[in-house]
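Peer 1: Sharing a structure below in structure tokens format, with a few things to ask.
In our numbering, the protein residues as written are 3 to 111.
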């Protein structure tokens, strides 16, 4: 099992053998970031899911392009941030709201 500083890190595979995989991982050492090469057993690694959302977006955009070419309209293909939540009332059910304020600082002599 690899050292604790490598747990959860994403790296690039540079060699594959029967039971191990060589991985290049960026590690911060003091003020520098070094590319470290470590060998890890295959049961300690898993595929990264960081590109899944991008690939899904690309597929959806390709489908949107095909649909708009047939219809002759334009569509927004850029990724949009999530919109803010709708306005709503917060019900207290008969309870009075509490006023929160910081505790004044006391100096000990």
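Where a beta carbon is used, it is the ideal one built from N, C-alpha and C, also for glycine.
Do the CB positions of residue 16 and residue 39 come within less than 9 Å of each other?
Peer 2: The answer is yes: Cβ separation under 9 Å.
Peer 1: Look at residue 3 and residue 49 and say whether their C-beta atoms are less than 9 Å apart.
Peer 2: No, these two residues do not count as a Cβ contact at 9 Å.
Peer 1: Buried or exposed: residue 13, going by 16 or more other Cβ atoms within 10 Å of its Cβ?
Peer 2: Burial call: buried.
Peer 1: Is it true that the CB of residue 51 sits closer than 9 Å to the CB of residue 28?
Peer 2: No, these two residues do not count as a Cβ contact at 9 Å.
Peer 1: Quick one: give me the first and last residue of the alpha helix (DSSP H) that residue 22 is part of.
Peer 2: From DSSP, residue 22 is part of no alpha helix (DSSP H) but of the beta strand (DSSP E) over 22-31.
Peer 1: Smallest Cα separation from residue 82: which of 63, 18, 102, 31?
Peer 2: Nearest option by C-alpha distance: 63.
Peer 1: So, under 8 Å CB-CB, residue 70 and residue 77 are touching, yes? Tell me the CB distance rounded to an integer number of Å.
Peer 2: The pair is a contact, with the Cβ atoms about 5 Å apart (cut-off 8 Å).
Peer 1: With 16 other CB atoms within 10 Å as the buried threshold, where does residue 105 fall?
Peer 2: Exposed, because fewer than 16 other Cβ atoms sit within 10 Å of the Cβ of residue 105.
Peer 1: With residue 50 as the anchor, note down where its beta strand (DSSP E) starts and where it stops.
Peer 2: No beta strand (DSSP E) holds residue 50; DSSP gives it neither H nor E.
Peer 1: Rounded to a whole number of angstroms, what is the C-alpha to C-alpha distance between residue 80 and residue 66?
Peer 2: One C-alpha to the other measures close to 12 Å.
Peer 1: What does DSSP give as the partner residues of residue 40 in its beta bridges?
Peer 2: In DSSP, residue 40 forms a bridge with 25.
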